[in-house]
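**Student:** Just so you know, the sequence shown maps onto residues 385 to 704 in our numbering.
Note that CB positions come from ideal geometry on N, CA and C, so glycine has one too.
One structure, as structure tokens, below. Some questions next.
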Amino acid sequence: MKVFTTGREDLVASPTAILSEQDWADDVWSPSSKITVRDEPQSSLREKTRCSSLGCDARPAFWKKTARPVFEDGWVCSKKCALQRVTALVRKLNSPICERVGHQHRIPLGLMMLERGMVSQEQLQHALIRQRSAAEGRIGDWLQRIAGVSTENVTRALAAQWSRPVLQGAAAIKPEMALAMPASIRRLTGVLPLRVHASQRMYAAFTDQIDHVAVAALERMTGLHVESGIAVYRDHLQGSEVLDRAHGAMEKEYMFHDMDELSRSIVSTLFRQQPIASRLCMVHGVWWLRMWLEPAAIGHIGMLPASGEDVLDVLFRRPS
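Take a look at the structure:
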């Protein structure tokens, strides 16, 4: 099996509302050097007294301080029991319903801008003709070129189209947000984890469309509610560059050919790393296993890592 290592790497707004820097006044996720780490993991991650596999009553050895490995909040006593739990979850997450993208029926962006008086009918028709002729580019970009529509107005129209707020402050993102998600999945989905609010809510920004699968993955892996929105393209780009330069969790990649091999690979990884906590999700065919190797790796906000140390992200992909 090939292995590739990439290295270390509450506001409820209307669809067109704009969340500014002042709205982030209650941000609570500080840089890792300032984070107060729990002395011990959450109750659901504390020492387990029985194996979490269905039908197994095994208990951890009495001399062990903590029961490891822990998979999805449950200790597993053996690779056999772990394989049972992993296989069941892989089958569930591999169901088409888990990859279903919502909000399919939306007013086209051009019509949205026409209704709002941002462009004329002639300008929209001209932009559509140019777009078809060039066979490339987004209609918002063509309207900016032809009709002189501002980037801000295009962003507002996109937010209204998706019934999401406009999120500002992407260019001033904290580098620590790189810990929220592996860089490769962030680039795959176009999501930018922005901030964590005092209400245990994470804000995640996109540029032109909301990837609900990415939002669900963030919620599953962080334990936080994720509020998505649209950011101005240039700000989103600057924020992405900040996270690209930051140090996230360590990443590894493995290749698999079928679901059985995937499940076995996950089990082998769990028993090799012996995590105190781990979670699994699938994002557009890429399986993401996050493991917290020590209690101190879990920060004080949901399951967000306290730092890049003792946190390992393993990605499983099919060969291209």
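Ends of the alpha helix (DSSP H) at G524?
**Tutor:** 523-531
**Student:** Ignore the nearest five residues each way along the sequence and tell me which others in K432's own chain have a CB closer than 6 Å to its CB.
**Tutor:** Confidence is the limiting factor: at K432 the pLDDT is only 44, short of 50, which leaves the residue's position unreliable, though a coordinate-based value still follows. Once the five neighbours on either side are set aside, the close Cβ partners of K432 are A451, W459.
**Student:** Take the Cβ of F446 as the centre, count every other Cβ of all protein chains shown within 10 Å, and call the residue buried at 16 or more, exposed below.
**Tutor:** F446 comes out exposed.
**Student:** Where do the ends of the alpha helix (DSSP H) carrying R475 lie?
**Tutor:** 463-477
**Student:** Does DSSP classify A582 as helix, strand or coil?
**Tutor:** coil
**Student:** Considering only residues of the same chain and omitting the five flanking positions on each side of W526, which have a CB-CB separation below 7 Å?
**Tutor:** Cβ neighbours of W526 beyond the five flanking positions: A511, R514, Q515.
**Student:** Quick one: what does DSSP say L395 is sitting in, helix, strand or coil?
**Tutor:** Because L395 carries a pLDDT of 37, less than 50, the predicted location of this residue cannot be relied on, and the following value inherits that uncertainty. DSSP places L395 in coil when its eight states are reduced to three.
**Student:** Checking the sheet assignment: what are the DSSP bridge partners for Y587?
**Tutor:** R579, E611
**Student:** Just how far apart, CA to CA, sit A661 and Q507?
**Tutor:** 55 Å
**Student:** Mind reading off the beta-carbon distance from V470 to S647? Whole number of angstroms is fine, and I expect it under 8 Å.
**Tutor:** Contact holds; Cβ gap of about 5 Å.
**Student:** Applying the 10 Å Cβ sphere with the 16-neighbour rule, what's the burial state of S436?
**Tutor:** buried
**Student:** Alpha carbon to alpha carbon, how far is P659 from P705? Give it in angstroms, no decimals.
**Tutor:** Summary: the structure shown does not reach residue 705, with the chain confined to residues 385 through 704, and so no result is reported for it.
**Student:** Just how far apart, CA to CA, sit I682 and W676?
**Tutor:** Annotation: I682 to W676 spans about 7 Å, alpha carbon to alpha carbon.
**Student:** Output the distance between the C-alpha atoms of T573 and P549, rounded to the nearest integer angstrom.
**Tutor:** 19 Å
**Student:** For the alpha helix (DSSP H) holding S649, just list the boundary residues, first then last.
**Tutor:** 643-657
**Student:** Here's the rule: buried if 16 or more other CB atoms are within 10 angstroms of the residue's CB, otherwise exposed. What is G669?
**Tutor:** exposed
**Student:** Just tell me which of P566, A582, L551 has its CA closest to the CA of H684.
**Tutor:** A582
**Student:** Measuring CB to CB, does L602 end up less than 9 Å from P577?
**Tutor:** yes
**Student:** Just to confirm my understanding: we take T591, look at its own chain, exclude 5 residues before and 5 after, and list those with CB closer than 6 Å. What are they?
**Tutor:** Y617, H620
**Student:** Does the distance from the CB of W671 to the CB of P566 come in under 9 Å?
**Tutor:** no
**Student:** Following the continuous alpha helix (DSSP H) through E603, name the residue where it begins and the one where it ends.
**Tutor:** 596-606
**Student:** Exposed or buried, L438, counting other C-beta atoms within 10 Å across all chains shown (16 or more means buried)?
**Tutor:** exposed
**Student:** Between C465, I530, Y587, which lies nearest to A554 when the distance is taken from Cα to Cα?
**Tutor:** Y587
**Student:** Look at L551 and I491 and say whether their C-beta atoms are less than 9 Å apart.
**Tutor:** no
**Student:** Report, in whole angstroms, the separation of the C-beta atoms of L477 and Q545, which I expect to be a contact under 8 Å.
**Tutor:** In fact, because the Cβ distance is near 29 Å, the residues do not count as touching under 8 Å.
**Student:** By Cβ distance below 8 Å, which residues in the same chain neighbour A442 in space, the five residues on each side in sequence not counted?
**Tutor:** R434, C435, C461, S462, C465
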